[in-house]
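Number of protein chains: 2
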Amino acid sequence: MKRTRRFGGWGFTDTKVLPPPAALSLLESTLGKGEALPEASPELFRLPKPQKLPRLSGEVKTDGLARLSYCCGQSFPDLLSLRTASWRRFPDAVAFPVSHEEVLALVQRASEQGVVLVPRGGGTSVVGGVSVPEDPRPVVVVSLERLSGLKSLDGRSGLATFGAGTPGPEVEGALSANGFRLGHEPQSFELSTIGGWAATRSAGHRSTGVGKIEDLVAGVEVALPSGTWRLGPLPASAAGPELRKILCGSEGRLGILTSVTVRVQPQSVQEQGLAVLFPSWEEGFEFCRKLLREEPFPEVLRLSDAAETEFGRHLVTAGWAATVVRDFLFSIRRFSRACLLLVGASGKAGKLVSSWGREARRLGGLPLGSGVYRRWLQERFKHPYLRDAFLSSGFGVDTFETAAPWSQLPRLKEAVRAGLERAAATLSIPILLLCHLSHAYPDGASLYFTFFWPLRREEALFQWQGLKRASLEAILQAGGTVSHHHGVGRMHAAYLEREIGPQGLQALKALAHALDPAGILNPGVLFPAEQA
Amino acid sequence: MKRTRRFGGWGFTDTKVLPPPAALSLLESTLGKGEALPEASPELFRLPKPQKLPRLSGEVKTDGLARLSYCCGQSFPDLLSLRTASWRRFPDAVAFPVSHEEVLALVQRASEQGVVLVPRGGGTSVVGGVSVPEDPRPVVVVSLERLSGLKSLDGRSGLATFGAGTPGPEVEGALSANGFRLGHEPQSFELSTIGGWAATRSAGHRSTGVGKIEDLVAGVEVALPSGTWRLGPLPASAAGPELRKILCGSEGRLGILTSVTVRVQPQSVQEQGLAVLFPSWEEGFEFCRKLLREEPFPEVLRLSDAAETEFGRHLVTAGWAATVVRDFLFSIRRFSRACLLLVGASGKAGKLVSSWGREARRLGGLPLGSGVYRRWLQERFKHPYLRDAFLSSGFGVDTFETAAPWSQLPRLKEAVRAGLERAAATLSIPILLLCHLSHAYPDGASLYFTFFWPLRREEALFQWQGLKRASLEAILQAGGTVSHHHGVGRMHAAYLEREIGPQGLQALKALAHALDPAGILNPGVLFPAEQA
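Protein chains in written order, with UniProt numbering: chain A, 1 to 532; chain B, 1 to 532.
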């Protein structure tokens with residue numbers, strides 16, 4: 001049975017995840033009391049009449065609930081606007097094409113008629129990638145959910161082709177039935193789709209080992225106003241610049257991906273994992289950096305800083321015995337600022353996990369065994385649900401991520417902390433900032449930040465804007481990227497030029513203009529639409 | 001002391017490599033006698049007066065020898081035209097900038113004044129990438145040889161920045177002095193440059209393990225008419241499409257690379273290598289395919305087909321005892337069509353080499369120990385010199401390479417063989433076709449072909465064109481790429497659209513036009529200039 005997505009929140013209506021009282025107490029003792037946001041309620045919206053649309057092929061819905069359900073993604077401003085019933089930009093219709101040919105017909109008709117298309121996979125963008133833009137033209141959201149499933153499998157080459165709208169569980173389900181796996185497991189895994197992953201350069205929990213999605217994409221099929229663009233799978237080439245890489249990260253602006261061919265590997269059953277407690281961030285950081293010097297890499301490598309470790313400790317409910325042991329451990333002076341590392345791998349690399357544990361001990365870490373790791377594995381897709389609960393408890397929360405070379409990461413982490421604290425002081429609010437290192441590479445790693453603040457309902461957007469702006473400024477000044485795996489969307493579009501330079505922006509605009517002369521494909525993502 | 005490059009042939013004047021008589025006998029018995037090409041001689045050329053140039057900054061040479069020495073690369077038509085003194089397109093000058101700023105000034109002045117620039121690294125292109133194009137405008141070759149050396153090293157991140165004109169030995173020399181290595185070793189290693197590698201998406205003998213150059217490039221600096229484009233090193237990002245990847249394979253058409261930051265690894269001393277004889281191509285092929293299922297990969301993996309193994313056997317001079325053993329081996333019926341595999345690795349993976357040998361034995365192979373491998377390692381950079389000797393002995397010879405998924409490679413290899421044999425029959429000449437698999441990936445591999453034919457001096461270009469065209473047709477029809485690591489250059493430019501589609505071509509043209517509006521940067525590579 002098809003599960004129902006929650007309106008104005010994460011995931012499915014059949015699942016609700018509440019933080020334990022200890023976590024809320026910790027937030028309240030750090031941040032004070034905030035003003036809870038109301039739950040989102042479709043009844044509170046009065047939608048404007050849809051603009052008249054040309055006849056479009058395939059199923060197209062224009063009812064209010066469809067227009068409301070597909071109007072935006074899961075960013076903080078998206079959720080805030082939905083919960084306060086202040087969202088104003090609705091699609092005039094939602095299209096549900098069932099084939100590449102139907103998408104192509106839609107794209108071509110829309111280009112001729114000046115209809116804006118917003119392609120949408122799982123709708124989980126946290127950077128405004130699927131939020132309906134302000135545009136005087138009619139806007140149609142193109143949901144790719146019916147372009148789903150395994151289309152072909154080349155077992156000898158380890159290549160699998162999926163419809164772009166295939167969500168994570170269906171991807172792995174179809175592969176596992178054939179003895180393969182992709183191993184791409186972003187936190188949005190249960191909702192997001194393979195096409196969305198490719199379009200946004202997604203990373204998953206196992207990316208340190210299996211690679212980011214752009215490393216896994218071997219071929220693509222794209223619908224464009226000029227027709228079908230098919231780039232078949234190739235292991236490598238020197239036939240000019242790699243155009244498959246241009247489509248990864250194109251966020252729907254350079255065409256609508258309708259199918260994706262990915263590199264898959266034989267299924268692996270020997271997953272091993274371990275948690276290690278390091279007395280300090282610096283010791284854990286060095287362990288991670290050194291681990292990436294030689295292959296095989298771990299699949300999962302995730303080092304929480306002291307604040308995140310402490311917060312996580314309050315998030316996990318455990319039996320009283322485990323709690324006593326845990327609390328005793330953190331009470332030891334040496335571990336009072338402890339940082340938790342999770343490391344895991346499968347296949348041949350899985351056999352190395354225990355030796356990594358020994359190496360961690362040599363570098364000052366305390367291996368905690370596999371229980372904490374396994375628990376995290378089981379719980380990880382539930383964590384995004386917590387955000388809704390925090391918003392309903394008066395705490396604002398958002399996340400952002402960046403990446404930089406190893407040598408720059410300490411400065412970058414410090415710059416973000418300082419920048420956010422300055423912004424919070426300006427706003428006269430306290431904040432709680434958590435950070436983990438994940439997605440490590442031989443030459444650097446990603447830092448993932450979570451920040452909480454006490455909500456003032458009338459000022460919530462203003463509060464968020466101040467904090468968000470400070471984080472981007474700090475990242476760009478410290479040489480980080482505006483995003484490691486969330487993408488650019490509309491939220492980071494105005495900042496991209498500072499990272500890629502005026503020539504980079506010029507290159508992207510030239511590509512968009514060449515492939516989509518009418519400018520109908522997801523305008524506003526990557527770079528502001530008015531600059532096009 | 002600076003060594004002198006050979007005019008109209010490979011490498012340095014202080015080195016000459018002659019094939020052993022056995023190899024020439026084998027060619028003669030297979031192909032009959034051909035007409036030897038004369039050696040190239042600068043005295044035979046009468047250069048047209050150079051066009052008048054605007055004043056350009058930095059050292060600029062306009063003498064005949066410079067214009068002659070920098071007029072083309074090392075493709076078969078290049079060498080043929082030089083040896084027969086029929087080359088007609090000479091630069092009006094050769095510029096030798098010493099800094100990014102000088103390159104930038106050159107590019108900006110040339111763009112204003114309508115002067116065509118042909119950027120040049122080691123000048124080893126075998127696909128016309130550095131051959132002076134037909135163009136009514138003045139043409140200046142921009143030699144990057146003085147932008148050489150290590151500019152900075154970030155040891156903690158394993159990132160090294162080099163001037164674009166740094167040749168292979170200097171790259172590894174500077175890194176090794178600091179305890180690092182890049183491991184990028186194309187056959188042109190002694191001559192080609194890090195900027196040239198990046199611009200052409202080069203691969204090296206160790207690419208199966210260390211990756212192609214586009215995997216190793218973390219950052220670039222580019223000179224453009226609009227100014228400097230700098231993309232600093234990042235381990236990964238989701239900030240839109242990866243523009244560093246657009247510059248890899250741009251072949252000078254999207255800007256002149258002036259420095260390149262690459263991912264380097266700690267130096268490794270434990271290199272292990274092994275040669276294995278497989279009774280058939282199919283058995284060796286399966287061994288390679290399976291080896292790439294799990295990391296760590298070997299660095300070197302190179303499987304010669306029976307014809308190449310047989311030819312190689314005649315190419316290597318060995319002591320009489322070794323020769324007796326070898327000949328005995330090949331006389332055994334089971335090894336009469338034997339295929340030689342070379343496999344090698346260093347670091348942790350080096351420890352796996354002996355277990356790979358055992359696995360090869362289990363799959364029907366006969367491990368021959370490390371001697372043959374070590375010999376190949378020592379001799380490999382001399383092999384390109386042999387081409388000159390073959391041309392001087394009456395045998396035409398050229399190479400090309402492609403890549404495809406594992407499942408398509410058998411059909412592709414057969415299509416190339418059939419296509420070339422048909423073309424040879426049409427030309428009424430015999431050919432000898434050798435092939436090896438190298439640069440393997442989990443999802444496929446590269447096939448590298450060498451073909452010999454008996455030269456008719458007056459028809460040599462016509463003969464080559466017939467064979468070359470047949471190889472490209474076969475590759476494209478069988479789903480291979482027009483090049484795995486030689487690049488597109490001017491030679492494959494007319495074929496690229498069939499691989500990347502009209503939209504791919506449109507995308508490249510849009511990029512070129514946006515970044516180089518005057519169309520002065522290496523026109524004719526990637527796509528024909530008249531289409532721009």
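Ideal Cβ placement from N, Cα and C applies to all residues, glycine included. All of these numbers come straight from a predicted model, not from anything done at the bench.
field: A/Lys-49 - DSSP class collapsed to helix/strand/coil
entry: coil
message: Taking 8 Å as the cut-off, does the region 435–448 of chain B touch the region 395–412 of chain B (at least 3 CB pairs, one atom from each stretch)?
response: yes
query: In chain order, what residues of the same chain have a beta carbon less than 8 Å from the beta carbon of A/Arg-375, not counting five sequence neighbours either side?
result: Val-316
message: Taking the straight line between their C-alpha atoms, what separation do you get for A/Arg-313 and A/Gly-209?
response: 27 Å
- request: Please check the pair B/Gln-378 and B/Gly-479, which I expect to be a contact at CB under 8 Å, by giving their CB distance rounded to whole angstroms.
  value: Between B/Gly-479 and B/Gln-378 the Cβ distance is about 36 Å, and since that is not below 8 Å, they are no contact.
query: So which residues on chain A does residue 533 of chain B lean against when the C-beta distance must stay under 9 Å?
result: Absent from the model: residue 533 of chain B. The displayed extent of chain B is 1 to 532, so no value can be given.
field: Extent of the continuous alpha helix (DSSP H) run through B/Ile-213
entry: 213–216
- request: Quick one: measure Cβ to Cβ for B/Ser-237 and A/Thr-481, integer angstroms, because I've assumed they're closer than 8 Å.
  value: 4 Å
- request: Would you mind giving the Cβ-Cβ distance between A/Arg-137 and A/Gly-114, rounded to the nearest angstrom? I have them listed as a contact below 8 Å.
  value: 5 Å
message: What does the Cβ neighbour count give for B/Glu-43, buried or exposed, with the cut at 16 atoms within 10 Å?
response: exposed
message: Does chain B have any CB closer than 8 Å to the CB of A/His-314?
response: no
- request: Could you check the C-alpha separation between B/Phe-278 and B/Gly-369 for me, to the nearest Å?
  value: 13 Å
query: Hey, does B/Trp-197 have any beta-carbon neighbour from chain A nearer than 8 Å?
result: no
- prompt: When the Cβ atoms of the region 24–31 of chain B are set against those of the region 64–72 of chain B, are three or more pairs found closer than 8 Å?
  reply: no
- prompt: Which value, in whole angstroms, describes the spacing of the CA atoms of A/His-513 and A/Arg-498?
  reply: 21 Å
query: Using the rule of at least 16 other Cβ atoms within 10 Å of the residue's Cβ for burial, across every protein chain shown, is A/Val-325 buried or exposed?
result: exposed
task: Could you name the residues of chain A that B/Gln-506 contacts, counting a contact when the two beta carbons are closer than 8 Å?
output: Ser-226, Ala-514 and Leu-515
query: Of all the CB atoms in chain B, is at least one closer than 8 Å to the CB of A/Ala-236?
result: yes
task: Just the chain A side, please: which residues come within less than 9 Å of B/Lys-348 by C-beta, in chain order?
output: Glu-294, Glu-295 and Pro-296
message: Which runs of the beta strand (DSSP E) at least 3 residues long sit entirely within the region 389–432 of chain B? Give them in chain order.
response: 395–405
task: Consider the Cβ of B/Lys-290: report whether some Cβ of chain A lies at a distance smaller than 8 Å.
output: no
message: On the CB-based measure, 16 or more other CB atoms within 10 Å of its CB, does A/Phe-462 come out buried or exposed?
response: exposed
- prompt: Is B/Leu-224 closer than 8 Å to A/Ala-510 when the C-beta atoms are compared?
  reply: no
query: Which one or two residues does DSSP pair with B/Gly-344 in a beta bridge?
result: B/Gly-273 and B/Val-300
- prompt: Name the chain B residues that come within less than 7 Å of A/Pro-21, Cβ to Cβ?
  reply: Within 7 Å Cβ-Cβ: nothing; A/Pro-21 doesn't reach chain B, min ~36 Å.
task: Output, in chain order, the set of chain B residues within a Cβ distance shorter than 7 Å of A/Glu-499.
output: Ala-239
- prompt: Taking 8 Å as the CB-CB cut-off, is A/Leu-243 touching chain B?
  reply: yes
task: For B/Asp-154, go through chain A and note every residue whose CB falls closer than 9 Å to its CB, in chain order.
output: Pro-405, Trp-406, Ser-407, Gln-408 and Asp-443
- request: Kindly list, in the order they appear in chain B, the residues whose Cβ is closer than 8 Å to that of A/Thr-200.
  value: Ala-238
Proximity test, A/Phe-180 beta-carbon vs the ligand ATP heavy atom, cut-off 7 Å: By its list of ligands, the structure shown contains no ligand whatsoever, and the ligand ATP lies outside what it can speak to.
- request: Examine the Cβ distances between the region 484–502 of chain A and the region 255–264 of chain A and report whether three or more of them are shorter than 8 Å.
  value: no
query: So which residues of chain A does B/Gly-487 contact, with C-beta pairs closer than 7 Å?
result: Ala-238
field: Chain-order list of residues whose beta-carbon lies under 6 Å from that of residue 536 of chain A (same chain, five-residue window excluded)
entry: The structure shown has nothing for residue 536 of chain A, since chain A only spans 1 to 532.
Boundaries of the alpha helix (DSSP H) in which B/Trp-10 is found, first to last residue: No alpha helix (DSSP H) holds B/Trp-10; DSSP gives it neither H nor E.
field: A/Leu-437 to A/Lys-61 span [Cα, whole Å]
entry: 43 Å
message: Just to confirm the assignment, what range does the alpha helix (DSSP H) spanning B/Asp-92 have?
response: First-last for B/Asp-92: undefined, no H or E at that position.
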